[in-house]
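Visitor:
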Amino acid sequence: MRSFGLALLAGASVLATACASNPPPEPTPPPVVAETPRVAPTPPAPIPTPPQPTGPAAGSKGDFAAKSTDRVYFDYDQYNLDDSDRRSLATQITWLKQFPSTRVEVQGHADERGTRDYNIALGERRAQAVSQYLQQQGIAATRIQTISFGKDKPMDPGHDEAAWARNRNAYSNIIVEAIS
Amino acid sequence: MRQLKLLVIALAAMMGMAAPAAAQLRVTVVGEEYVPMRIAVPDFNASGNGAAEIATQLSEVLRNDLASSAVFQLVDKAAFIERDLSFDMAPRYPDWQVAGVTAQALVVGNVIVNPVNNNMTVQFRLYDVYGSVQQFARQYTVATPLNWRRLAHRVADDIFSQLTGDGGYFDSRMVFVSKTPGEDPLRGRLAIMDQDGANAEFLLAGFTSVINPRFSPTDQRILYGAYIPDPKYPGATLLRTYLYDIETGRQEVLAEGPNSLDYSARFSPDGRSIALSRAVGGNSDIYVIELARRTQRRLTNDASIDTSPSFSPDGKMMVFVSDRGLGPQLYIMREDGAQMNCPKGGRETACRITFDSGRFTDPVWSPRGDWIAFSRQGDGKFSIGVIRTDGSGMRILTDGYQDESPTWSPNGRVIAFERTASRGAGPKLWSVDLTGRNVRRMPTPRDATNPTWGPLLKVEAAQQ
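Chains as they are written, first to last, in the working numbering: chain A, 49 to 228; chain B, 4 to 467.
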């Protein structure tokens, strides 16, 4: 049972990885179809084709991934946020304010060039740096939890400088979605 | 539940005269280094059903233990001249002194399986060859021959203790995290094995993402962390700290999030308390929890990372990692949190003891109290090293791509650690002694991380 739960988790992080492993800033948001109000469907439904894929449902995990930069990156042995991180987090804050019933788990990660205990401490600091910033910007502390995986859950399985840079991050994982 | 207790029906120093204490044969120690002693260990004699095979295997395990310590140099069997040794007669000393043999010590043993009740007796004599005298003799009787491996380790510990004056460490076990290459790196199962790699098996079938197990220095309990799915929010993860008794199978949760992150827990020397790192609201500090009453004390209160606490063997001091300076360094403090005189001067509640350009993590205070082991990162490498508790005498013992997670043998003479040999290689377990010259791979069935060395196993003497 436990391993099943973890397998799900791992699957989710692989998905997130796939989105985020593009060069960190990805300034090409998909067309904003999902944001148009879905409440007033005009009577004549023109072509009743099978449900068309219009992107992730508003307020869902996928919606968060599509509309915000869900991962911020850190320098070696560092856990402070820079301007670029705060710009990324601004996209998360916008979304979290739009969907106040959601909840986020901030996961802190470290690269493999460090010992396990210390990397857990580093990952925890990174997750907390994000959590504190979200709170400063008006997200309730009760909607946020943090966890550190240290070096044991790398998004990039590589063993070079580029992989290590990607693996020093804090990832915002939506754990309660806003979908009815 | 594991069969753990060695039932000793008779445990007696025996037979013949021991050498006068003053004349005892001892391994020569120069500084920290042993001058290896030449020792001959012929296969033990055997009588009784199945005894011959056990005698051969037991002798092999005994020789491997002694050789692995690098304190001894085993005399090649092919060189032996006297081949009809009797347990009940003194050896022909000149045969063990001649050129080509030159054994300083000789072990003669006997394995007897009782045909009536299947009890097994293992007896041995340790001779000082050049003194031409028996130095030590002992006999163990156990209820079943199945435990012959433990007896081999006991005999090795007896010989090690007799000839070095130190405690032994062969009759002990090691817990580690077993990793399967190619799997999600977060997955890791708790496993246990004898100190020499035998009898490896998994513990706790259900737990698949275990980190940082830590053996009790007094008994067969361990602390460990496990990532588990958050029962409240599927998709989220908690890091729980567990206390697990290997003998009874009982376990309990000591700490879990999500409002604080507890990790890096380690027992006090008496096994009654634990020290751990607790992160609350973005700050990791060190706490001590007394296990019986669950009372908590906070020891550090600093805005920096404070983690990886490890007690001194008298329980009065602690070493830990902090980045309050520049990067992670080792600090010592009193267990009661009071101010102390720092080795480098000044009066503080925590004194820094590492000052070079490296980054120091994973400190572990030796059970002898004389050294602190650590992992040092510098010059693109991670090495295992030791430093005196006042910050003097630092020595680097290993030179690997990434060596980390040191753990002391029960006698404080050997350090096991985790090594990633090269970029992308799977982690394995290795050991090194205090000389730094005896670096050995410890066999594990798969990849392995986070070794933690348990205490000497207990012997239960039964009434006859």
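Glycine included, every Cβ here is placed at the ideal spot set by N, Cα and C. Note that the coordinates shown come from a computational prediction; the quantities given were computed from them, not determined experimentally.
Answer yes or no: does any C-beta atom of chain B fall closer than 7 Å to that of ASP272(A)?
Guide: No answer is possible for residue 272(A): the residues shown for chain A start at 49 and end at 228.
Visitor: Output the distance between the C-alpha atoms of ILE222(A) and THR194(A), rounded to the nearest integer angstrom.
Guide: What you label residue 222(A) is simply residue 174 of the first sequence in a count that begins at 1. What you label residue 194(A) is simply residue 146 of the first sequence in a count that begins at 1. Roughly 12 Å separates the two Cα atoms.
Visitor: Along the beta strand (DSSP E) that carries ASN67(B), what are the first and last residues, could you check?
Guide: Residue numbering aside, residue 67(B) sits at position 64 when the second sequence is read from its first letter. Looking at the DSSP string, ASN67(B) is not in any beta strand (DSSP E); the run it does join, the alpha helix (DSSP H), is 54-71.
Visitor: Are there 16 or more other CB atoms within 10 angstroms of the CB of PRO97(B), so buried, or fewer, so exposed?
Guide: Along the second sequence, one-based indexing puts residue 97(B) at 94. The residue is exposed, with fewer than 16 neighbouring Cβ atoms inside 10 Å.
Visitor: Quick check: is the beta carbon of THR240(B) nearer than 7 Å to any beta carbon in chain A?
Guide: On the second sequence, residue 240(B) is found 237 positions in, with the first residue counted as 1. Interface residue, yes.
Visitor: Check whether the Cβ atoms of ARG398(B) and GLY383(B) sit closer than 7 Å, and answer yes or no.
Guide: For the purposes of this step, residue 398(B) is taken as the residue at position 395 of the second sequence. For the purposes of this step, residue 383(B) is taken as the residue at position 380 of the second sequence. No.
Visitor: Measuring only the C-alpha atoms, how far is ASN67(B) from MET445(B)?
Guide: The residue you call residue 67(B) lines up with position 64 of the second sequence. The residue you call residue 445(B) lines up with position 442 of the second sequence. Going from the Cα of ASN67(B) to the Cα of MET445(B) covers about 12 Å.
Visitor: Looking at the secondary structure, which residues open and close the beta strand (DSSP E) in which GLY457(B) lies?
Guide: Position 454 of the second sequence, counting from 1, holds the residue named residue 457(B). First-last of the beta strand (DSSP E) with GLY457(B): 450-459.
Visitor: Does the beta-carbon distance from LEU189(B) to PRO216(B) come in below 7 Å?
Guide: Residue numbering aside, residue 189(B) sits at position 186 when the second sequence is read from its first letter. Residue numbering aside, residue 216(B) sits at position 213 when the second sequence is read from its first letter. No.
Visitor: In chain order, what are the residue ranges of uninterrupted beta strand (DSSP E) at least 3 long that sit wholly in the stretch 91-125 of chain B?
Guide: Complete beta strand (DSSP E) runs here, min 3: 108-116.
Visitor: Among SER267(B), ARG449(B), LEU241(B), which residue has its Cα nearest to the Cα of LEU226(B)?
Guide: By 1-based counting over the second sequence, the position of residue 226(B) is 223. When only C-alpha atoms are compared, the closest one is SER267(B).
Visitor: What's the gap between the Cα of GLN126(B) and the Cα of SER369(B)?
Guide: On the second sequence, residue 126(B) is found 123 positions in, with the first residue counted as 1. On the second sequence, residue 369(B) is found 366 positions in, with the first residue counted as 1. Cα to Cα, the separation comes out at about 33 Å.
Visitor: Give every residue of the same chain whose Cβ lies closer than 6 Å to the Cβ of MET478(B), excluding the five residues on either side of it in the sequence, and list them in chain order.
Guide: Nothing can be reported for residue 478(B), as the shown portion of chain B is limited to 4 through 467.
Visitor: Select from PHE47(B), GLN342(B), GLU250(B), LYS319(B) the residue whose C-alpha is nearest the C-alpha of LEU481(B).
Guide: Because residue 481(B) is not part of the residues shown, which for chain B are 4 to 467, the question remains open.
Visitor: Taking 7 Å as the CB-CB limit, is GLN176(A) close to chain B?
Guide: The count along the first sequence starts at 1 and reaches residue 176(A) at position 128. Interface residue, yes.
Visitor: Quick check: the stretch 183-199 of chain A against the stretch 408-419 of chain B, are at least 3 beta-carbon pairs closer than 8 Å?
Guide: These segments do not touch.
Visitor: Are the Cβ atoms of LEU129(B) and GLN142(B) separated by less than 7 Å?
Guide: The residue you call residue 129(B) lines up with position 126 of the second sequence. The residue you call residue 142(B) lines up with position 139 of the second sequence. Their beta carbons are not under 7 Å apart, which means LEU129(B) does not touch GLN142(B) by this criterion.
Visitor: Within this structure, are the beta carbons of PRO366(B) and PHE314(B) separated by less than 7 Å?
Guide: In the second sequence, residue 366(B) corresponds to position 363, counting from 1. In the second sequence, residue 314(B) corresponds to position 311, counting from 1. Not in contact: PRO366(B) and PHE314(B) (Cβ atoms no closer than 7 Å).
Visitor: If you measure beta-carbon to beta-carbon, which residues of the stretch 209-229 of chain B are closer than 8 Å to chain A?
Guide: The residues in question are GLY209, PHE210, THR211, SER212, ILE214, ASN215.
Visitor: Take PHE147(A) and list the residues in its own chain whose beta-carbon comes closer than 7 Å to its own, dropping the five residues that flank it on each side.
Guide: As a first step, residue 147(A) is located in the first sequence; it is residue number 99 there, counting from the start. GLY107, ALA226.
Visitor: Across which residues does DSSP place HIS207(A) in a beta bridge pair?
Guide: Walking along the first sequence from the start, residue 207(A) turns up at place 159. DSSP output for HIS207(A) lists no bridge partner at all.
Visitor: Taking the straight line between their C-alpha atoms, what separation do you get for GLN155(A) and PHE363(B)?
Guide: On the first sequence, residue 155(A) is found 107 positions in, with the first residue counted as 1. On the second sequence, residue 363(B) is found 360 positions in, with the first residue counted as 1. For GLN155(A) and PHE363(B), the distance between alpha carbons rounds to 25 Å.
Visitor: What is the DSSP secondary structure of ILE141(A), reduced to helix, strand or coil?
Guide: Residue mapping note: residue 141(A) aligns to position 93 of the first sequence, counting from 1. Note: ILE141(A) maps to helix in three-state DSSP.
Visitor: Using a Cβ-Cβ distance cut-off of 7 Å, determine whether ASP123(A) contacts chain B.
Guide: If you number the first sequence from 1, residue 123(A) lands on position 75. No, no contact with chain B.
Visitor: Looking at C-alpha atoms only, which residue of SER50(B), ALA353(B), ARG41(B), ASN150(B) is the closest neighbour of ALA82(B)?
Guide: One-based indexing of the second sequence puts residue 82(B) at position 79. Out of SER50(B), ALA353(B), ARG41(B), ASN150(B), ARG41(B) has the C-alpha closest to the C-alpha of ALA82(B).
Visitor: Using a C-beta to C-beta distance shorter than 9 Å, which residues of chain B count as neighbours of SER196(A)?
Guide: As a working note, residue 196(A) is residue 148 in the first sequence. The contacting residues are LEU242, LEU264, TYR266, ALA282.
Visitor: Quick test of your reading: THR447(B) and ALA203(B), contact by CB under 8 Å. State the CB separation rounded to the nearest angstrom.
Guide: In the second sequence, the residue the question calls residue 447(B) occupies position 444. In the second sequence, the residue the question calls residue 203(B) occupies position 200. Indeed, because the Cβ distance is near 7 Å, the residues count as touching under 8 Å.
Visitor: Mapping DSSP to helix, strand and coil, what is GLN180(A)?
Guide: In the first sequence, residue 180(A) corresponds to position 132, counting from 1. Of the three classes helix, strand and coil, the one that applies to GLN180(A) here is helix, per DSSP.
Visitor: May I have the straight-line CA-CA distance separating SER220(A) from CYS345(B), to the nearest angstrom?
Guide: Stepping through the first sequence from its first residue, residue 220(A) is reached at position 172. Stepping through the second sequence from its first residue, residue 345(B) is reached at position 342. If I take the Cα positions, the gap works out to 43 Å.
Visitor: Give me the Cα-Cα distance between GLY53(B) and PRO118(B), rounded to the nearest whole angstrom.
Guide: Here residue 53(B) is taken as the residue at index 50 of the second sequence, counted from 1. Here residue 118(B) is taken as the residue at index 115 of the second sequence, counted from 1. About 10 Å.
Visitor: Just to confirm, is the Cβ distance from TRP1(B) to ILE277(B) under 7 Å?
Guide: In the structure displayed, chain B extends from 4 to 467; residue 1(B) sits before or after that span and is not available.
Visitor: Rounding to the nearest angstrom, what Cα-Cα distance links ALA113(A) and ASP133(A) in this structure?
Guide: In the first sequence, residue 113(A) corresponds to position 65, counting from 1. In the first sequence, residue 133(A) corresponds to position 85, counting from 1. So the two alpha carbons sit approximately 16 Å from each other.
Visitor: For PRO39(B), which residues in the same chain have their Cβ closer than 7 Å to its Cβ, ignoring the five residues on either side in sequence?
Guide: In the second sequence, residue 39(B) corresponds to position 36, counting from 1. The answer, listed in chain order, is ALA73, VAL74, PHE75, GLN76.
Visitor: Could you tell me the alpha carbon to alpha carbon distance between MET203(A) and THR117(A), rounded to whole angstroms?
Guide: Mapped onto the first sequence, residue 203(A) falls at position 155. Mapped onto the first sequence, residue 117(A) falls at position 69. Distance between the alpha carbons of MET203(A) and THR117(A) is about 15 Å.
Visitor: Tell me where the beta strand (DSSP E) around PHE112(A) begins and ends.
Guide: Working through the first sequence from its first residue, we reach residue 112(A) at position 64. PHE112(A) -> not in any beta strand (DSSP E); alpha helix (DSSP H) instead, spanning 109-115.
Visitor: Starting from the beta carbon of ASP165(A), find every residue of chain B whose beta carbon is closer than 8 Å, and list them in chain order.
Guide: Start at 1 with the first residue of the first sequence, and residue 165(A) comes out as number 117. In chain order: ASN215, TYR266, SER267, SER280, THR310, SER311, VAL324, THR364, ASP365.
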